[in-house]
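Undergrad:
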């Protein structure tokens, strides 16, 4: 996958663009709460973190993790 290779090369900005496109496509096709969509959002957050954009990364990590939590009883 292109985004992974870009990350390995340290080209985090380009990787972020690719991951964002994949996440948007997965959200359109699979829905926002689908595990594959959430994994893509997690990848986006990792890129943001690598780019020094910690607050944005933290918010995206939270959003990606929230649907995975079990519903309160």
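Residue numbers (my numbering): 1 to 73. Virtual Cβ for every residue (Gly too), placed ideally from N, Cα, C.
1. Counting along the chain, where does the alpha helix (DSSP H) carrying residue 66 start and finish?
2. Kindly indicate the opening and closing residues of the alpha helix (DSSP H) around residue 24.
3. Just curious, the alpha helix (DSSP H) that residue 74 is in, first and last residue?
4. Just to confirm, is the Cβ distance from residue 58 to residue 38 under 7 Å?
5. Since residue 41 and residue 15 should fall inside the 8 Å C-beta cutoff, what is the C-beta to C-beta distance between them, to a whole number of angstroms?
TA: Short version:
1. For the purposes of this step, residue 66 is taken as residue 66 along the chain shown, with counting starting at 1. From DSSP, residue 66 is part of no alpha helix (DSSP H); its letter is neither H nor E.
2. Numbered from its first residue, the chain shown carries residue 24 at position 24. First-last of the alpha helix (DSSP H) with residue 24: 12–30.
3. The structure shown does not extend to residue 74, since the chain is modelled only from 1 to 73, so the question has no answer here.
4. Position 58 of the chain shown, counted from the first residue, corresponds to residue 58. Position 38 of the chain shown, counted from the first residue, corresponds to residue 38. Their beta carbons are not under 7 Å apart, which means residue 58 does not touch residue 38 by this criterion.
5. Counting from one through the chain shown, the residue named residue 41 turns up at place 41. Counting from one through the chain shown, the residue named residue 15 turns up at place 15. Actually they are not in contact, since the Cβ atoms of residue 41 and residue 15 sit about 14 Å apart, beyond 8 Å.
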